[in-house]
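First the structure, in the form of structure tokens, and then the observations on it.
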Amino acid sequence: MRLRRRSITRSASRPAWQEDPRPLTSAAKAVAIVVVLALVTVPFLVVVSTSLADPADVVANGGWVIWPEHPSLAAYTEILSGGIVGRATVVSLGVTLIGTACSLAATVLLAYALSRPAVFGGKPIMLVVLFTFLFPPGIIPAYLVVKETGLLDSYAALIAPVLVNTFNLVVMRGFFQSLPAELYEAARLDGASEWTTLWRITIPLSRAVLAVVGLFYAVSYWNSWFNALIYIDEPSRWPLQLVLRTYVLAGGQLADPSAGEAGLLSAPQTVRMAVVVLATIPIVLVYPFLQRFFVKGVLSGAIKS
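Numbering (the numbering used here), first residue to last: 1011 to 1315.
In structure tokens:
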């Protein structure tokens, strides 16, 4: 009786949202998690299995394989043998690494300047930045700007037009503003310049938001294909995602110009799925290592803006 009274007293003292879930609620949550996990895992498993299957098995199973009976790496060997996919992978890696580094540097410098209360013209510049977020430029004005600056058919056209993302800038600016003002005052009393304060104090304390924003930029550059479709005419300079679009949507593969071929060739299903896996794996491998920074980085930067 005493134990029962204690349990009743504890349950009565706790709010409703802190009570233990009912068995039916826990079972419903478990079923929902299993269903969502299956919806995400099964298609990815089918894509990976089809890329590793023998072409004859793929044809016999109607184009898709859940589990390869005769696994083979022939599709990956074909696309990584130095052809158009190999060059596109190198282009995507280069654009992603260089673009992410340049975007992080530009975002950190602009966000730090806009986060300081005494900076000259900070509010007007911030209003201009927010105006571009609310009213983004159209495709034709952006194309004309890239054309007039001489960036057409160059890798710089894949980086310069999207160098700074407004959302990432606002998040990083809010994170910088959330840092204690006493740190900046102490650094100023010690004679530290703004560069020293940024490099020695702000950046070491902002690893979480830097990791999150860096991942946002990296995913954006890696998955970008529309800018390449507009600004890049030479297929040998296309990134991997644009080549993937040609493989999957157009139902064909680009011929290798160095081999004396031209136009589109028919791509087997295994090759298409291998390109999909190749374009997906880098983000899947990087995301788990930066997942723990997401809540701290995004929420800390979004609380104060």
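We put the beta carbon where it would ideally sit given N, CA and C, even for glycine.
How should residue 1087 be labelled, buried or exposed, when 16 other C-beta atoms within 10 angstroms of its C-beta is the threshold for buried? Taking the sequence shown and counting its residues from 1, the one referred to as residue 1087 is at position 77. With fewer than 16 other Cβ atoms within 10 Å, it is exposed.
Run of the alpha helix (DSSP H) containing residue 1066, from where it starts to where it stops: What you label residue 1066 is simply residue 56 of the sequence shown in a count that begins at 1. Looking at the DSSP string, the run of the alpha helix (DSSP H) that includes residue 1066 is 1065–1070.
Nearest residue (CA-CA) to residue 1065, options 1053, 1103 and 1078: Translated into the one-based positions of the sequence shown, residue 1065 becomes position 55. The shortest C-alpha separation from residue 1065 is found at 1078.
I need the boundaries of the alpha helix (DSSP H) containing residue 1059, first residue and last residue. By one-based count along the sequence shown, residue 1059 stands at place 49. Segment 1033–1062, the alpha helix (DSSP H) holding residue 1059.
Let me confirm a value: residue 1095 is counted as buried when at least 16 other C-beta atoms fall within 10 Å, else exposed. Which label applies? The residue given as residue 1095 occupies position 85 in the sequence shown. Label assigned to residue 1095: buried.
Taking buried to mean at least 16 other C-beta atoms within 10 Å of its own C-beta, is residue 1017 buried or exposed? In the sequence shown, residue 1017 corresponds to position 7, counting from 1. Unreliable positioning characterises residue 1017 in this predicted model, as indicated by a pLDDT of 47, which lies under 50. The coordinate reading is nonetheless provided below. It is exposed - the Cβ of residue 1017 has fewer than 16 other Cβ atoms within 10 Å.
Give every residue of the same chain whose Cβ lies closer than 8 Å to the Cβ of residue 1055, excluding the five residues on either side of it in the sequence, and list them in chain order. Taking the sequence shown and counting its residues from 1, the one referred to as residue 1055 is at position 45. Once the five neighbours on either side are set aside, the close Cβ partners of residue 1055 are 1076.
Could you pull the start and end residues of the alpha helix (DSSP H) that residue 1217 belongs to? By one-based count along the sequence shown, residue 1217 stands at place 207. Element bounds for residue 1217: 1217–1233.
Beta-carbon within less than 7 Å of residue 1254's beta-carbon, same chain only, minus the 5 sequence neighbours each way: which residues are those? As a first step, residue 1254 must be located in the sequence shown, where it is residue number 244. Taken in chain order, the residues that qualify are 1285, 1286 and 1289.
Out of 1043, 1278 and 1240, which has the shortest C-alpha to C-alpha gap to residue 1148? Mapped onto the sequence shown, residue 1148 falls at position 138. The candidate whose alpha carbon is nearest that of residue 1148 is 1240.
Verify the contact flag: residue 1064, CB atom, against every heavy atom of the ligand COA, threshold strictly below 7 Å. Questions concerning the ligand COA fall outside what the structure shown contains, since it holds no ligand whatsoever.
Give me the Cα-Cα distance between residue 1196 and residue 1212, rounded to the nearest whole angstrom. The residue you call residue 1196 lines up with position 186 of the sequence shown. The residue you call residue 1212 lines up with position 202 of the sequence shown. Taking the straight line joining both Cα atoms gives about 13 Å.
Could you confirm whether any beta carbon from chain C is found closer than 8 Å to the beta carbon of residue 1100? The question asks about chain C, but that chain is absent: this structure has only one protein chain.
Where does residue 1130 land, buried or exposed, given buried means 16+ other C-beta within 10 angstroms? For the purposes of this step, residue 1130 is taken as residue 120 along the sequence shown, with counting starting at 1. Looking at its Cβ environment, which holds fewer than 16 other Cβ atoms inside 10 Å, residue 1130 is exposed.
Ordered along the chain, which non-local residues of its own chain (more than five positions away) have a Cβ less than 7 Å from that of residue 1183? Counting from 1 along the sequence shown, the entry for residue 1183 is found at position 173. Hits under 7 Å: 1121, 1124, 1125 and 1315.
Endpoints, the alpha helix (DSSP H) within which residue 1151 is located: Translated into positions along the sequence shown, residue 1151 becomes position 141. 1149–1158 is the span of the alpha helix (DSSP H), which, as asked, contains residue 1151.
Which whole-angstrom value describes the C-beta separation of residue 1098 and residue 1248, a residue pair presumed to lie in contact below a C-beta threshold of 8 Å? Sequence index remark: in the sequence shown, residue 1098 carries index 88 (1-based). Sequence index remark: in the sequence shown, residue 1248 carries index 238 (1-based). About 6 Å; that satisfies the 8 Å criterion.
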